[in-house]
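Protein chains in written order, with my numbering: chain Z, 29 to 158; chain X, 24 to 302.
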């Protein structure tokens, strides 16, 4: 039994150490590679895509990114100040990869079309971000 | 007070195969996953696990399983618990994303959920009466290497299992493979419950690989199981999977049902329940 726990403990410590190493890369959208930055949104200027993106945002993102007055903030507000100069491709890349170390999940589990719809919504609500 | 906002996991629809998609940090997913199986040379049974999955961080998920079963013409018994950790090894989305899985389990010989098939696990193991199975106690360390990736909108995942009964038995091995895809890719602009975007379908193939003395596909069981999942906007998920044994050592037929509910921000939910919610 003691040996079992020791093995389990060592395994876990090794995982944790590896994960720390692995997750140091990538902080925020500024780390997007050049090839990703220039990707164009297939739903650009599509109002119904932005509406679908809004629905997806409410479902998957708002509980972290929108903060009730007086409540503790879990994630940065996605307003014009945050997204103003970020390209569609950069946003798509960041939403896909997340920042696991910083607490932002990776959304690669959502189909690509839905990730682009989210980007369309984020940018439609902050038009400077085109 | 802000209304609680559900966040359905929108995970791959698998029952057996793990992917690289982790639980959201701070979120709790509660699930029950009963399996009904036919049994030759014994009585059919219904086994189930209660699963509590929590995102400790963005790259580290932990999960507790409580297992039990009811065998026809026999009894209903608690069969033990399992506690696992899953750690994502590399940040960022790659073609192939490795995840390490470590589990400690303390179950008895009447355990029948078949969430992992390893070694020489065969149908006949489940034929003995509960009173006999319960007397055997198994403490096991189980590790899995999970590799998984998104290829266009398909998920492809493979798990290699190595398990060791700590009473000094040999290492046992097993595998699980999964392939799945959402049925609808783009979301509709309007709210909907029964629409393709809320469904995902796929197939799983899993079974044993023998042990360190006799490695390979013979003398163990193998299953092929189509899966379908329905993720409701309310945060509830339903999954269904009929499974078919591929050789004489396997149960002929299984059917799994999964019901899960996601609590997106456990801390806030608990504070709310204690009356210290955000106003």
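Ideal placement from N, C-alpha and C gives every residue a C-beta, glycine not left out. All of these numbers come straight from a predicted model, not from anything done at the bench.
Taken atom to atom, the span from the alpha-carbon of residue 76 (chain Z) to that of residue 152 (chain Z) is near 11 Å. A direct Cα-to-Cα measurement between residue 68 (chain Z) and residue 113 (chain Z) gives close to 15 Å.
Residue 232 (chain X) sits in a strand when the DSSP states are folded into three classes.
Judged by their CB atoms, residue 146 (chain X) and residue 272 (chain X) are nearer to each other than the 8 Å cut-off. Of all alpha-carbon atoms in X:179, X:100, X:66, X:126, the one lying nearest the alpha-carbon of residue 189 (chain X) is that of X:126.
Counting the other CB atoms within 10 Å of its CB gives residue 275 (chain X) a total below 16, which places it among the exposed residues. Residue 81 (chain Z) and residue 137 (chain Z) have their alpha carbons spaced roughly 15 Å apart. Where residue 119 (chain Z) is concerned, the enclosing alpha helix (DSSP H) starts and stops at 116–125. Taking residue 142 (chain X) as the centre and dropping the five residues before and after it, the same chain places the C-beta of 195, 231, 234 closer than 6 Å to its C-beta, in chain order. Here residue 153 (chain X) is not bridged, per DSSP, to any residue.
Neighbourhood of residue 84 (chain Z) in chain X, by CB distance below 8 Å: 210, in chain order.
Beyond the five residues adjoining it in sequence on each side, residue 264 (chain X) comes within less than 6 Å, by CB distance, of 38, 248, 250, 279 in the same chain, given in chain order. In the displayed model, residue 140 (chain X) falls within coil according to three-state DSSP, outside both helix and strand. Neighbours of residue 136 (chain Z) in chain X, taken as residues at a C-beta separation under 7 Å, are given in chain order as 116, 173. A Cβ of chain Z is located within less than 8 Å of the beta carbon of residue 214 (chain X).
Cβ contact annotation for residue 206 (chain X) (same chain, cutoff 7 Å, sequence separation greater than five): 219, 222, 223, 224, in chain order. For residue 85 (chain X) against residue 107 (chain X), the beta-carbon gap comes to about 7 Å, under 8 Å, which counts as contact.
For residue 93 (chain X), the enclosing beta strand (DSSP E) has its first and last residue at 83–94. When the beta-carbon positions are compared, residue 277 (chain X) and residue 58 (chain X) come within less than 8 Å of each other.
In the three-state scheme derived from DSSP, where H, G and I count as helix and E and B as strand, residue 274 (chain X) is classed as coil.
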